[in-house]
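Number of protein chains: 2
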Amino acid sequence: MSNAKVLPLIEPADGQDVVPCCSPLTERPMTADEAQVAARMFKALGDPVRLRLFSAVASHEGGEACVCDISDVGVSQPTVSHHLKKLKEAGLLTSERRGTWVYYRVEPSVLAGMGRLLTQPAA
Amino acid sequence: MSNAKVLPLIEPADGQDVVPCCSPLTERPMTADEAQVAARMFKALGDPVRLRLFSAVASHEGGEACVCDISDVGVSQPTVSHHLKKLKEAGLLTSERRGTWVYYRVEPSVLAGMGRLLTQPAA
Chain A
1 MSNAKVLPLI
11 EPADGQDVVP
21 CCSPLTERPM
31 TADEAQVAAR
41 MFKALGDPVR
51 LRLFSAVASH
61 EGGEACVCDI
71 SDVGVSQPTV
81 SHHLKKLKEA
91 GLLTSERRGT
101 WVYYRVEPSV
111 LAGMGRLLTQ
121 PAA
Chain B
1 MSNAKVLPLI
11 EPADGQDVVP
21 CCSPLTERPM
31 TADEAQVAAR
41 MFKALGDPVR
51 LRLFSAVASH
61 EGGEACVCDI
71 SDVGVSQPTV
81 SHHLKKLKEA
91 GLLTSERRGT
101 WVYYRVEPSV
111 LAGMGRLLTQ
121 PAA
C-alpha cells in the first residue's frame, strides 16, 4: 500500500489553507489515502477530554480560547496543554501566542470538511 | 467524575432507536457524559481501515453490505470482521444474519447525530 499522504484538495475561499477534500462517506468507498487523513482527525476527537476541550474552544466567545479559559475539565493544565497540542497536530486547531498565553482557534475549513464527510444522501 | 453513560436523548421519528442528542460542539462546551458517548463514535472512525469499511458499507447499494461485498481493503477477512464488530459496538452499524452472511447497515440516526455535532454556526 502507498504511504503517500497526498489527497485530492479543494481550494477554499479567502486564502485559507487547502483542506482535505472528501466526498460524503456514504457516497462512495473512501480510498486508502483519504481514509488516512480523515481517520487522523476522527481519532483526535476520539478521546472524551480532547472532545470537551475542542468543544470548549469552539464554543468560546470569539471562537478562540487560551488554556486559562478552558481548564475546567477535571485534568491538570499540563494535560490540557498536551491534548490541545494533539488537536493542533491533527489540524483541528490553530494557535497563536499573544503575550503570556497561547490562544487556540478551531480551523473552520477542517470542521466543515468533517461535517461534509458525515453528510447523508437525500432520502 | 461520574461514570454514568446517561445522555439527554431525543426520540427519533419512525420508531427507530433513541440516539445520543448533542448540540453542535461549537454551540456550548460538551458535558463529560456527552463527550464520553460521542468520543466512542469518533474513536471508532479513527482508524483508516475501519473508516474505509464504514464508508464501503455506507455507500454500498441499498445501504447495506456483507463481508463478502467489502473485503477489498487490503486486510484479511477475519480482520474485516473484527473491525465491523468494533463499528457495531460503537453503535455505528447494525447487523442482521441472512443465510450464510451477516449484513451490515449504517445506523442513519447516529450518522445524523455526529453530523449535527460538527455543524458550524451560521456566519
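From first to last, the protein sequence lines are chains A and B. First residue of the first sequence: 1, per the UniProt record's numbering; consecutive thereafter. First residue of the second sequence: 1, per the UniProt record's numbering; consecutive thereafter. Beta carbons: idealized from backbone N, C-alpha and C, even for Gly. On a predicted model such as this, the values are computed, not experimentally measured, just so you know.
Just checking my contact of residue 92 of chain B with residue 107 of chain B at CB under 8 angstroms: how many whole Å lie between their CB atoms? Here the question's residue 92 of chain B lines up with position 92 in the second sequence. Here the question's residue 107 of chain B lines up with position 107 in the second sequence. About 6 angstroms; that satisfies the 8 angstroms criterion.
So for residue 49 of chain B, helix, strand or coil by DSSP? As a working note, residue 49 of chain B is residue 49 in the second sequence. In this structure, residue 49 of chain B counts as helix in the three-state DSSP scheme.
Secondary structure at residue 79 of chain B, three-state DSSP: helix, strand or coil? Here residue 79 of chain B refers to the residue found at position 79 when the second sequence is read from its first residue. In this structure, residue 79 of chain B counts as helix in the three-state DSSP scheme.
My understanding is that residue 97 of chain B touches residue 64 of chain B, with C-beta atoms under 8 angstroms, so please give their C-beta distance in whole angstroms. Position 97 of the second sequence, counted from the first residue, corresponds to residue 97 of chain B. Position 64 of the second sequence, counted from the first residue, corresponds to residue 64 of chain B. The pair is not a contact, with the Cβ atoms about 12 angstroms apart (cut-off 8 angstroms).
Against residue 55 of chain A, what residues of chain B qualify as contacts under a CB-to-CB distance less than 7 angstroms, listed in chain order? As a first step, residue 55 of chain A is located in the first sequence; it is residue number 55 there, counting from the start. The contacting residues are 25, 29, 30.
Quick one: grab the DSSP three-state call for residue 28 of chain A. Counted from its first residue, the first sequence places residue 28 of chain A at position 28. Of the three classes helix, strand and coil, the one that applies to residue 28 of chain A here is coil, per DSSP.
Is there a Cβ of chain A sitting closer than 8 angstroms to that of residue 59 of chain B, yes or no? Residue 59 of chain B sits at position 59 when you count from the first residue of the second sequence. Yes, residue 59 of chain B lies at the interface with chain A (some Cβ there is under 8 angstroms from its Cβ).
Can we say the region 47–57 of chain A touches the region 29–43 of chain B, given the rule of at least three CB pairs closer than 8 angstroms? yes
According to DSSP, is residue 89 of chain A part of a helix, a strand, or is it coil? What you label residue 89 of chain A is simply residue 89 of the first sequence in a count that begins at 1. In the three-state reduction of the DSSP assignment, residue 89 of chain A falls in the helix class, which pools H, G and I.
Which residues in chain A have a C-beta closer than 8 angstroms to the C-beta of residue 77 of chain B? List them in chain order. Here residue 77 of chain B refers to the residue found at position 77 of the second sequence. Near residue 77 of chain B there are no residues of chain A at all, since even the closest Cβ is about 17 angstroms away, more than 8 angstroms.
Determine, using beta carbons only, whether residue 47 of chain A comes closer than 8 angstroms to chain B. For the purposes of this step, residue 47 of chain A is taken as residue 47 along the first sequence, with counting starting at 1. So, interface residue.
Could you run through the region 89–116 of chain A and flag, in chain order, every residue whose CB is less than 8 angstroms away from some CB of chain B? 106, 108, 111, 112, 114, 115
When the distance is taken between beta carbons, is residue 114 of chain A closer than 8 angstroms to residue 55 of chain B? Here the question's residue 55 of chain B lines up with position 55 in the second sequence. Here the question's residue 114 of chain A lines up with position 114 in the first sequence. No.
Contact with chain A by residue 36 of chain B, beta-carbon distance below 8 angstroms: Translated into positions along the second sequence, residue 36 of chain B becomes position 36. Chain A contact via Cβ: present.
Do we get a CB-CB distance below 8 angstroms when we pair residue 118 of chain A with the residues of chain B? As a first step, residue 118 of chain A must be located in the first sequence, where it is residue number 118. Any Cβ of chain B closer than 8 angstroms to the Cβ of residue 118 of chain A would place that residue at the interface, and such an atom is present.
Identify the contact partners of residue 87 of chain B in chain A, using a Cβ-Cβ distance below 7 angstroms as the criterion. Along the second sequence, one-based indexing puts residue 87 of chain B at 87. Per Cβ cutoff of 7 angstroms: no residues; residue 87 of chain B is ~12 angstroms from chain A at best.
CA-to-CA distance, residue 52 of chain B to residue 16 of chain B, given in whole angstroms: Against the second sequence, residue 16 of chain B aligns to sequence position 16. Against the second sequence, residue 52 of chain B aligns to sequence position 52. Bear in mind that a pLDDT of 40 at residue 16 of chain B, under 50, signals an unreliable position, so the model cannot answer this.
Limits of the alpha helix (DSSP H) - the one that residue 110 of chain A falls within: To locate residue 110 of chain A, count along the first sequence from 1; it is residue 110. Residue 110 of chain A -> alpha helix (DSSP H) spans 108–117.
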